[in-house]
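Visitor: Okay, here's the structure, questions in a sec.
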Amino acid sequence: MENFTMPQSAALLLEGGSLRGLYTAGALDTLMEENLYFPAVAGVSAGALNAVNYVAHEPGRSASINLRYRRDPRYFGPMAAFNGGSLFGLNFMLRDIPNVVPFDSDTFYNGGQRMVAVATCLETGKAAYFEKGKTDFDFLEAVRASASLPLVSVPVHLGKFTYLDGGCSCPIPLHWAQTEGFEKTVIITTRHKGFRKTLPGQRMVNLYDDFYGDRTLFLATLLTQEVRYNALMDEIDTLEEAGKLFVLRPAEPIEIGRFEKNTEKLLDLYNRGRREMRAQLAALQAYLQA
C-alpha cells in the first residue's frame with residue numbers, strides 16, 4: 001500500500017481458535033507483504049502464537065510450521081504432552097522449531113512493536129496481559145501459557161501464579177485496547193459474523209469440576225466463558241457498525257476440526273485468510289486514515 005503511514009495509535013487484536021488460526025496466519029501474511037505493521041499487537045492463544053511471527057516480520061512462518069509439523073508427534077499428541085505439558089507441543093514450537101525454521105529474534109525483541117499475550121490466572125480466574133519487554137521471565141513462556149488449553153495442558157508457572165489459555169477469560173482483548181487508549185482498533189477473528197457459543201453440557205461441567213474444582217475462581221471463569229464471549233461479540237458488532245472498530249472475520253463458517261489433521265484443509269484455510277485480507281485492504285486503509 002503506497003503512500004500509507006500506519007497511525008501510531010493503532011492496535012491489532014488476534015483471536016485464538018486452535019487450528020482455525022491458519023486463517024489469521026494468512027491474513028497476517030498479507031499484511032506483512034504490504035509492509036503493514038501495527039505499533040501494538042495483542043494475541044490470545046493461537047492468536048498469540050501468530051503474533052510472534054508477525055512481530056518478528058516472518059511472513060509464511062506460521063503456515064510453514066503448522067503445515068509441515070501437523071502430523072509430527074512432537075507437535076501434537078501424547079508425545080507432545082509428555083515432553084511439553086500440552087497436547088499441542090508448545091515447547092517444541094517455541095524452543096525447538098526455531099533451530100530448523102529460522103526465527104528473527106532480534107526483530108522480535110528489538111523491532112519496536114509492542115506485543116501482549118493474554119493468559120488466564122488459575123488463582124484469580126482473571127485475564128493477565130503480559131507485554132514483551134516488561135516481564136521478569138522469558139516472554140515466550142507467557143505465549144506458551146496463553147495457548148495452553150485447559151484439560152489437555154499442565155498450567156504454566158509465571159512468577160507466583162499459574163496460568164492457562166487466555167481465551168477462558170478474554171477471547172479478544174478489546175477492553176485492554178480501550179484501557180490503553182488506542183484510537184484505532186483492528187480485530188482478526190476466526191469465527192464468522194453472528195457466531196455465538198452455546199453453554200456447556202453437564203458432561204463438560206462435570207469434567208471442568210473434576211479438573212479444577214479446587215480452583216474455584218478459575219472454575220467460575222470456565223463455566224461462564226460462553227456468556228462472556230457472546231456479550232463481547234455483541235459489543236464488537238455494535239462498535240463495528242458505528243465505525244469504531246475494523247473487523248476481519250471469515251466470510252463463511254470455518255469448517256475444520258479443532259485438532260484438524262487434513263493439511264489440505266489447513267492450507268485452504270490459510271489461503272482463504274490471505275485472500276479475504278487482501279480483499280479488505282482498501283477498506284482497512286480507509287478506516288485507519290479516517
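Taking UniProt numbering, the leading residue of the sequence shown gets 1, the next gets one more, and so forth.
Beta carbons are placed, not taken as given, at the ideal position from N, Cα and C, and that holds for glycine.
(1) Rounded to whole angstroms, what is the Cα-Cα separation between residue 144 and residue 19?
(2) On the CB-based measure, 16 or more other CB atoms within 10 Å of its CB, does residue 199 come out buried or exposed?
(3) Going by the CB atoms, is the gap between residue 147 and residue 108 shorter than 8 Å?
(4) So, under 8 Å CB-CB, residue 163 and residue 156 are touching, yes? Tell me the CB distance rounded to an integer number of Å.
(5) So residue 263 and residue 67 are supposed to be a Cβ contact under 8 Å. How far apart are they, rounded?
(6) Use the C-beta contact count for residue 27: other C-beta atoms within 10 angstroms, 16 or more gives buried, fewer gives exposed.
(7) To which residues of the same chain is residue 271 closer than 7 Å at the C-beta, ignoring the five residues directly before and after it?
(8) Sort out for me which residues DSSP pairs residue 227 with in a bridge.
(9) Between residue 267 and residue 273, what straight-line distance do the alpha-carbon atoms span, to the nearest angstrom?
(10) Using DSSP's beta-bridge definition, name the partner residues of residue 186.
(11) Mind checking residue 293: buried by the 16 CB within 10 Å criterion, or exposed?
(12) Taking Cβ positions, are residue 115 and residue 132 nearer each other than 8 Å?
(13) Verify whether the separation of the beta carbon atoms of residue 307 and residue 45 is less than 8 Å.
(14) Mark residue 106 as exposed unless 16 or more other C-beta atoms lie within 10 angstroms of its C-beta, in which case mark it buried.
(15) Bridge partners of residue 157, per DSSP?
(16) Any contact between the segment 178-189 and the segment 201-211? By contact I mean 3 or more CB pairs, one from each, below 8 Å.
(17) Thinking C-beta only, is residue 218 closer than 8 Å to residue 122?
(18) Which value, in whole angstroms, describes the spacing of the CA atoms of residue 285 and residue 125?
Guide: In short:
(1) Counted from its first residue, the sequence shown places residue 144 at position 144. Counted from its first residue, the sequence shown places residue 19 at position 19. When rounded, the separation of the alpha-carbon atoms in residue 144 and residue 19 is 15 Å.
(2) Locating residue 199 in the sequence shown gives position 199, where the first residue counts as 1. Counting the other Cβ atoms within 10 Å of the Cβ of residue 199 gives fewer than 16, which makes it exposed.
(3) Numbered from its first residue, the sequence shown carries residue 108 at position 108. Numbered from its first residue, the sequence shown carries residue 147 at position 147. It is not a contact, given that the beta carbons lie outside the stated cut-off.
(4) Residue mapping note: residue 163 aligns to position 163 of the sequence shown, counting from 1. Residue mapping note: residue 156 aligns to position 156 of the sequence shown, counting from 1. Yes, residue 163 and residue 156 are in contact; Cβ-Cβ is about 5 Å, under 8 Å.
(5) For the purposes of this step, residue 263 is identified with residue 263 of the sequence shown, where counting begins at 1. For the purposes of this step, residue 67 is identified with residue 67 of the sequence shown, where counting begins at 1. In this structure residue 263 is in contact with residue 67, their Cβ atoms being roughly 5 Å apart against a cut-off of 8 Å.
(6) Counting from 1 along the sequence shown, the entry for residue 27 is found at position 27. Result: buried.
(7) Position 271 of the sequence shown, counting from 1, holds the residue named residue 271. Here the set comprises 26.
(8) Along the sequence shown, one-based indexing puts residue 227 at 227. Assignment of beta-bridge partners to residue 227 by DSSP yields no partner.
(9) The residue given as residue 267 occupies position 267 in the sequence shown. The residue given as residue 273 occupies position 273 in the sequence shown. Cα to Cα, the separation comes out at about 10 Å.
(10) What you label residue 186 is simply residue 186 of the sequence shown in a count that begins at 1. Assignment of beta-bridge partners to residue 186 by DSSP yields 12 and 246.
(11) This structure leaves residue 293 out entirely; the chain is present only between 1 and 290.
(12) Mapped onto the sequence shown, residue 115 falls at position 115. Mapped onto the sequence shown, residue 132 falls at position 132. Contact: yes.
(13) Nothing about residue 307 can be read from this structure; the chain reaches only from 1 to 290.
(14) Against the sequence shown, residue 106 aligns to sequence position 106. Label assigned to residue 106: exposed.
(15) Against the sequence shown, residue 157 aligns to sequence position 157. Residue pairing from DSSP places residue 157 in a beta bridge opposite 162.
(16) Judged by Cβ distances under 8 Å, the segment 178-189 makes no contact with the segment 201-211, as fewer than three pairs qualify.
(17) For the purposes of this step, residue 122 is identified with residue 122 of the sequence shown, where counting begins at 1. For the purposes of this step, residue 218 is identified with residue 218 of the sequence shown, where counting begins at 1. It is a contact, given that the beta carbons lie within the stated cut-off.
(18) Stepping through the sequence shown from its first residue, residue 285 is reached at position 285. Stepping through the sequence shown from its first residue, residue 125 is reached at position 125. Whole-angstrom Cα-Cα distance: 37 Å.
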